[in-house]
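Scroll down for the structure; my scribbles are underneath it.
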Amino acid sequence: MSGSGGEKKDFQVVEYGNTHGEIRFGHLWGKEGSNVQSDVCLQASDPIHYISLEKGAKTNGERTGWTCVRNPAVFEVKCGDNVDEDKPAVVIEALNGDIVLKASNGKIRLQALDVDIQAIGEDNTRGVVDIKANETINLDAKIVNLGSNKTTAMKIVSTGIGEMTFKSGLTMYSGIGKCITSTVGKGGKDSKFGGKDFLEGPVNSGSSSLFELF
851 MSGSGGEKKD FQVVEYGNTH GEIRFGHLWG KEGSNVQSDV CLQASDPIHY ISLEKGAKTN
911 GERTGWTCVR NPAVFEVKCG DNVDEDKPAV VIEALNGDIV LKASNGKIRL QALDVDIQAI
971 GEDNTRGVVD IKANETINLD AKIVNLGSNK TTAMKIVSTG IGEMTFKSGL TMYSGIGKCI
1031 TSTVGKGGKD SKFGGKDFLE GPVNSGSSSL FELF
C-alpha cells in the first residue's frame, strides 16, 4: 500500500533473526517510503552480505523482479560432480538483453580444456565478434589459423608500421597480387600495375602509405 504522498508503506513486513543474521519478508530498501521492496531477503551479519528476491510488481521501481546477490568477499559456484563430460554443467541464459561480466579492478579469465566462442546471427547484420583493446592483443599458440574455406574477405590495416617475420619460410599465394609503395601517392604517377586509386582511397583514409619488403 502507499502513503498519503504516494510513498510505499507496508505494515505486513516480518523479520526473524538474531546477531548472526535474519530473514525478512516485504523489506523496504532505503529509508521508509522507498519504492523498492523485496519479497524475501536473506541477510547476514555483514550489512553488504545478502540475497534479495525483489517484488515482481510493476510498481516496484527500477528493480522489479530482480534477484540481487551481494557479498564482501569471494563468490564461488562449484558443481558438476555427477554430470557427464559431454553435458553442460552450468547454463546461464538471458532471454532478452545482454550478459555483462565486469572486473572493475582485475582480470576476466576463461580457462578450460577447449574454449569455443561463437556469434550466431540471424542475418548479415548480426553474428559479429568484436575484440578491442586500448593497448595490445596477443595471440600465442603453436599454430594460429586466420580464416577458413568459408572466409570471403580479410583485411589487415594499420595506420603505422607493419611487420611480418617468418624465420623458416613464407609462402604467399593469390589469384591477383599487388604491392604498392608511397611513390604512387599524391603528385606521383600510377604504376604499370595500377594502385594509385587504392592508395588514395582506403590507405590514406586509415591505413599505412608505406609498404616495405625486406
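Just so you know, the sequence shown maps onto residues 851 to 1064 in this note's numbering.
Ideal Cβ placement from N, Cα and C applies to all residues, glycine included.
Predicted model, so just to flag it, every value in this text is computed and none were measured.
| Asked | Found |
| --- | --- |
| Please state whether the Cβ-Cβ distance between glutamate 904 and serine 888 is less than 8 Å. | yes |
| Measuring CB to CB, does asparagine 885 end up less than 8 Å from histidine 899? | no |
| Going along the chain, which residues of its own chain have a beta-carbon closer than 8 Å to the beta-carbon of isoleucine 873, five neighbours each way excluded? | Glu865, Tyr866, Gly867, Val890, Cys891, Leu892, Gln893 |
| To the nearest angstrom, report how far apart leucine 1020 and methionine 1014 are at their CA atoms. | 10 Å |
| From valine 863 to glycine 911, what does the alpha carbon distance come to, in whole angstroms? | 18 Å |
| List, from N- to C-terminal side, the beta strand (DSSP E) runs of 3 residues or more that fit wholly inside the stretch 909-948. | 917-920 |
| Does the beta-carbon of serine 895 have 16 or more other beta-carbons within 10 angstroms, so that it is buried, or is it exposed? | exposed |
| For valine 950, which residues of its own chain have a beta-carbon under 7 Å away from its beta-carbon, when the five flanking residues on both sides are left out? | none |
| Anyone know if the C-beta pair for threonine 917 and alanine 907 falls short of 8 Å? | no |
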